[in-house]
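Participant:
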Amino acid sequence: MIMKSKFLFLLALPSLLWACSTNQDPCQVDTCAPHGTCVAENGAPSCVCDEFYQPGPDLSCILETGLLMGQHCIDDADCLSDKCQKYTGDPEGYCTTTDCLWDEDCRQQAPPEHQSWCCVEIHLDTFLCLMIAEGYSCSSPAGLCGLSCSDNPNICSPASPCMGDGPDDPKAICSATCATDADCSACEWSVDPDAPIACVTISGSDKYCLVNQEAGCTSHMDCPEGESCTIGVSPDMTDLFGECMNVGALPPGSECNDEDDPNNLSYEERCSGFYCFGGMCSEVCVTDTDCPEGMSCLEHTFEQVDDSIMVCVGGS
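All the letters of the sequence shown, read from the start, carry residue numbers 3 to 318 under the working numbering.
1) Our contact map puts Asp-290 next to Cys-299 with C-beta atoms below 8 Å; I'd like the distance itself, whole angstroms only.
2) Between which two residues does the beta strand (DSSP E) carrying Gln-56 extend?
3) Report the option in Glu-245, Gly-275 and Met-247 whose CA atom is closest to the CA atom of Cys-258.
4) Exposed or buried, Phe-279, counting other C-beta atoms within 10 Å across all chains shown (16 or more means buried)?
5) In terms of residues, what are the limits of the beta strand (DSSP E) holding Asp-208?
6) For Glu-86 and Cys-75, which I take to be in contact (beta-carbon distance under 8 Å), what is that distance rounded to the nearest angstrom?
7) Which residues does DSSP list as the beta-bridge partners of Ser-310?
8) What are the boundary residues of the beta strand (DSSP E) that Cys-97 is part of?
9) Taking Ala-200 and Asp-185 to be in contact with their CB atoms under 8 Å, please state how far apart those CB atoms are, rounded to whole angstroms.
10) I need the DSSP call for His-74, collapsed to helix, strand or coil.
11) With DSSP as the reference, identify every bridge partner of Trp-119, one or two as the case may be.
12) Comparing C-alpha positions only, which one of Glu-295, Val-213, Asn-154 and Asp-196 sits nearest to Lys-173?
13) Hey, would you say Cys-120 sits closer than 8 Å to Ile-134, going by beta carbons?
14) Three-state secondary structure (DSSP) at Lys-6?
15) Given this structure, state the Cα-to-Cα distance separating Cys-164 from Asp-78, to the nearest angstrom.
16) Quick check: the stretch 258-271 against the stretch 233-244, are at least 3 beta-carbon pairs closer than 8 Å?
17) Between the alpha carbons of Trp-20 and Asp-27, how many angstroms are there, rounded?
18) In the structure shown, what three-state DSSP assignment does Met-239 receive?
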């Protein structure tokens, strides 16, 4: 009897092992990761993939055809989210989505390497995920007319595009469309709240609120130490004005070669006010007394601009 009982127990053991193996979780192996979750259906494993991913071979999740949030794009059709965010004058943008209500909605959809996102209301009850540059937070007044965007055009919302005289314009701001200067009265430049903002024609009939470039300088006396009062040109190429800046190491009155293209010169060889007239570095002036020794204050024009301005010229 004892032997029989042992024999019966040994016969039953393989059946018990088989029963345990059939109850094993088919998803206990880390499959479908890192872009999906394994689920068991009728004892067989399958993948539930994250957004923008689809089931692939060997229980994996592979990228669908199209670009993810944060990747560079040219047209909406390039993006899986059907939204390519571009800013005025930029041929390329980045993929984003209008499907957000909270900042976290944007971060959950973006790849890990693109975490600086904010959900911004661009129109009434219309929200958009925008990439925010380092140094800014979602509590920053993104899109507010007058906010400086000279170092970061992405801080502006599509309703307030970054506008200025080129990407390096220190007076570039998050702008707004306008018809008259009165439409810009609510705009305040974050760099200098007292600076006037005017309604300027950019091209054709398009008008935007911009920092009033004409409220600049008339001589070096109006500029901070180390800067020159140089020639500025309005975005619509119709007006010349004085503008404080320093783009080179040579102060006004220094010798220079007016046949050289200053764009091709190094900082050490370039005039602080950019322009060289009569062999000497120039600046904007009102009278001869505003100019360095050996220079005279004379009227100057550009072929492309229907306007003139008084500048210091050497050799006269």
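Glycine included, each C-beta is placed from N, C-alpha and C at the ideal position.
Facilitator: Straight from the coordinates:
1) 5 Å
2) 55-58
3) Gly-275
4) buried
5) 208-213
6) Rather than Glu, the amino acid found at residue 86 in this sequence is Cys. Confirmed, Cβ separation roughly 4 Å.
7) Thr-303
8) 95-97
9) Between Asp-185 and Ala-200 the Cβ distance is about 10 Å, and since that is not below 8 Å, they are no contact.
10) strand
11) Met-133
12) Val-213
13) yes
14) Residue placement at Lys-6 cannot be trusted, given a pLDDT of 43 that sits under 50; the coordinates are not used to answer.
15) 20 Å
16) no
17) Confidence at Trp-20 is low in this model, with a pLDDT of 36, below 50, so the placement of that residue should be treated as unreliable; the coordinate-derived value is given next. Computed Cα separation, rounded: 14 Å.
18) coil
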